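Same order as they appear, the protein sequences are chains A and B. 1 is the number of the first residue of the first sequence in the UniProt record's numbering; add one for each residue after it. 1 is the number of the first residue of the second sequence in the UniProt record's numbering; add one for each residue after it. C-beta: ideal position from N, C-alpha, C; glycine also. These numbers were taken from a predicted model, which means no experiment stands behind them. Following: one structure in structure tokens, then a few remarks.
2 protein chains.
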Amino acid sequence: MQTFYDQQYSFRSPVTSADRVLVAVQKAIVEGDIAAGSKISEAGLAKQFNVSRAPLREALARLERCHLVERTPNAGARVVTLTYKSLIALYQIREELEGLACRLAAEQMADDEIEALSKLLEQHLENQRVREGESYYQEAGDVDFHYRIILASKNQYLINMLCDELYFLVRMYRVQLGMNGPRVSRAFDEHKAIITAIANRDGELADLLMRRHISASRKNIETKLQAHKEVS
Amino acid sequence: MQTFYDQQYSFRSPVTSADRVLVAVQKAIVEGDIAAGSKISEAGLAKQFNVSRAPLREALARLERCHLVERTPNAGARVVTLTYKSLIALYQIREELEGLACRLAAEQMADDEIEALSKLLEQHLENQRVREGESYYQEAGDVDFHYRIILASKNQYLINMLCDELYFLVRMYRVQLGMNGPRVSRAFDEHKAIITAIANRDGELADLLMRRHISASRKNIETKLQAHKEVS
DNA sequence: AACCTTTTTATTGTCGACAATTAAAGCTCC
DNA sequence: GGAGCTTTAATTGTCGACAATAAAAAGGTT
Chain A
1 MQTFYDQQYS
11 FRSPVTSADR
21 VLVAVQKAIV
31 EGDIAAGSKI
41 SEAGLAKQFN
51 VSRAPLREAL
61 ARLERCHLVE
71 RTPNAGARVV
81 TLTYKSLIAL
91 YQIREELEGL
101 ACRLAAEQMA
111 DDEIEALSKL
121 LEQHLENQRV
131 REGESYYQEA
141 GDVDFHYRII
151 LASKNQYLIN
161 MLCDELYFLV
171 RMYRVQLGMN
181 GPRVSRAFDE
191 HKAIITAIAN
201 RDGELADLLM
211 RRHISASRKN
221 IETKLQAHKE
231 VS
Chain B
1 MQTFYDQQYS
11 FRSPVTSADR
21 VLVAVQKAIV
31 EGDIAAGSKI
41 SEAGLAKQFN
51 VSRAPLREAL
61 ARLERCHLVE
71 RTPNAGARVV
81 TLTYKSLIAL
91 YQIREELEGL
101 ACRLAAEQMA
111 DDEIEALSKL
121 LEQHLENQRV
131 REGESYYQEA
141 GDVDFHYRII
151 LASKNQYLIN
161 MLCDELYFLV
171 RMYRVQLGMN
181 GPRVSRAFDE
191 HKAIITAIAN
201 RDGELADLLM
211 RRHISASRKN
221 IETKLQAHKE
231 VS
């Protein structure tokens with residue numbers, strides 16, 4: 001299943017070898033294959049991907065940009081660690097920016113775009129029925145949904161910030177802390193309500209609903225993070 | 001006058017030569033010494049700063065990060081051009097994010113920090129009286145003010161996005177399109193009202209006032225941009 | 001044995017050269 | 001003379017090696 005969000009960097013296909021490495025390392029960090037908090041060796045990763053250090057450093061710079069690694073001069077890069085504080089900070093920003101995106105989308109989306117988004121949601125519903133309980137496809141669907149609305153805002157900076165700089169971190173929290181149980185179906189309903197508001201060209205309501213949707217999602221992850229902390 | 005905003009990259013002093021080049025080129029672009037829309041030659045700039053292309057490319061990557069240049073694979077980097085559309089997009093985001101920053105600051109700033117910020121504003125007022133009509137110091141003061149509030153939000157991502165990724169572009173609009181006339185003194189009054197709201201721990205009002213402040217600033221630049229376009 | 005200093009090692013930052021790609025110039029053909 | 005193709009030139013992407021810095025190990029002192 002080729003999902004929308006598999007691409008990055010404003011949705012260009014990887015042309016340079018730095019792009020390829022970036023995509024691979026992004027995926028590895030998001031999915032936890034490279035442990036959170038671990039140090040990244042430039043020479044090591046370069047060897048692993050059969051490239052020189054130059055393109056790898058370019059990739060590292062972009063990984064820093066999407067907040068997946070933290071670099072300190074002359075000391076190298078470390079994979080970020082997921083914390084409660086970071087989660088709150090991230091979702092505070094998402095509420096504001098995706099709320100704005102939703103409002104702009106309600107004002108600017110073409111009728112057929114709204115129709116297409118509505119159909120996409122129906123597709124996700126099918127998938128959910130078929131794969132009850134399996135969380136990954138739902139996450140992909142959720143990300144797809146948010147991506148579409150962000151793109152519909154037509155705000156260049158907003159698209160860049162959310163899709164390129166913030167969403168990999170969001171996915172990292174989701175993949176590593178999961179989304180499942182009753183939250184999945186509730187998220188669907190919230191998506192549907194948001195689309196309805198957009199279809200009615202009610203930007204204010206769409207904004208509000210998106211903020212609540214994100215807030216609910218945050219609370220869900222918060223509890224998982226809490227449970228996760230208590231175990232370890 | 002050493003101003004607060006002269007530093008960058010989360011306020012670390014430039015240690016590597018890529019840092020030095022970055023600061024210099026940032027300044028050159030913001031102040032229009034490197035023309036908007038012009039192509040950047042890696043070899044040329046590298047020679048100009050007496051460094052090799054490696055640190056210069058690192059600097060370019062960060063310039064792209066703060067939206068001062070746009071890079072396309074195998075085609076190089078171009079300095080961004082200031083447009084009406086871009087201005088609107090930028091300020092839409094600023095309203096949301098700085099509004100949030102203001103709300104968080106109202107909740108979290110220590111009493112002595114508020115006191116210090118209030119005193120900073122008095123200092124700016126002195127400066128304004130002395131240098132009536134000269135816009136640069138006012139801008140520096142304005143940027144100082146916004147920086148303080150953003151930092152007070154204590155939200156790591158918010159600080160990074162606003163101070164590292166967006167504010168150079170904001171400064172570019174200000175420096176090249178200027179802020180002067182009655183807007184200067186009005187901005188002072190708005191700053192004062194915002195501090196008062198923060199001192200009263202009224203986050204909601206502080207949020208609202210900051211949004212209006214930014215909106216007013218946008219309208220001011222809009223008219224300048226309009227006039228500028230009509231001339232050229 | 002713990003602490004500080006010095007030496008060693010490893011890692012990051014920088015350089016110059018080469019390969020790959022794109023943009024420009026020149027040529028051919030209509 | 002202009003459109004399309006070919007060749008040339010210029011620019012970007014990548015590589016391996018060296019220099020500079022920081023972390024680790026060894027040594028000495030109290």
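Self-check item: Distance between beta carbons of Gly178/A and Glu107/A, contact taken as under 8 Å
Solution: With 8 Å as the limit, Glu107/A and Gly178/A do not qualify as a contact, their Cβ atoms being about 35 Å apart.
Quiz item: By the 10 Å Cβ neighbour count, where 16 or more other Cβ atoms means buried, how is Gly99/B classified, buried or exposed?
Solution: buried
Practice problem: Check the Cβ of Ala61/B against every Cβ in chain A and list those closer than 7 Å, keeping chain order. | Solution: Glu58, Ala61
Quiz item: Are there 16 or more other CB atoms within 10 angstroms of the CB of Ile195/B, so buried, or fewer, so exposed?
Solution: buried
Self-check item: Beta-bridge pairing of Lys39/B - partner residues as DSSP gives them
Solution: Arg78/B
Quiz item: Using a Cβ-Cβ cut-off of 8 Å (strictly less than) and excluding sequence neighbours within five positions of His213/A, which residues of its own chain qualify?
Solution: Ala187, Glu190, His191, Ile194
Quiz prompt | Option in Arg171/A, Ala54/A, Ile159/A with minimal Cα separation from Asp19/A | solution = Ala54/A
Quiz item: Can you tell me whether Glu58/B is buried or exposed, with buried defined as 16 or more other CB within 10 angstroms of its CB?
Solution: buried
Quiz item: In terms of residue numbering, what span does the alpha helix (DSSP H) encompassing Arg186/A cover?
Solution: 182 to 199
Quiz item: So, using beta-carbon positions, are Asp148/B and Leu117/B closer together than 8 Å?
Solution: Note that residue 148/B is Arg in the sequence shown here, rather than Asp. Cβ distance < 8 Å, so Arg148/B and Leu117/B count as in contact.
Practice problem: Using a Cβ-Cβ cut-off of 8 Å, state whether Gln123/A counts as contacting chain B. | Solution: no
Quiz item: At least one CB of chain B closer than 8 Å to the CB of Thr83/A: is that the case?
Solution: no
Exercise. Starting from the C-beta of Leu205/B, find all residues in its chain whose C-beta is less than 6 Å away, skip the five residues before and the five after it, and write them out in chain order.
Key: Ala197
Quiz item: Are the C-beta of Ile93/A and some C-beta of chain B separated by less than 8 Å?
Solution: yes
Quiz item: Residue range of the alpha helix (DSSP H) that Glu70/B falls in?
Solution: Per DSSP, Glu70/B belongs to no alpha helix (DSSP H); it is in the beta strand (DSSP E), 69 to 72.
Quiz item: Is Tyr157/B closer than 8 Å to Leu90/A when the C-beta atoms are compared?
Solution: yes
Quiz item: Exposed or buried, which one is Asp207/A when buried takes at least 16 other CB atoms within 10 Å?
Solution: buried
Quiz item: Skipping 5 residues on each side, what residues in its chain have a beta carbon closer than 6 Å to that of Arg218/A?
Solution: Tyr91
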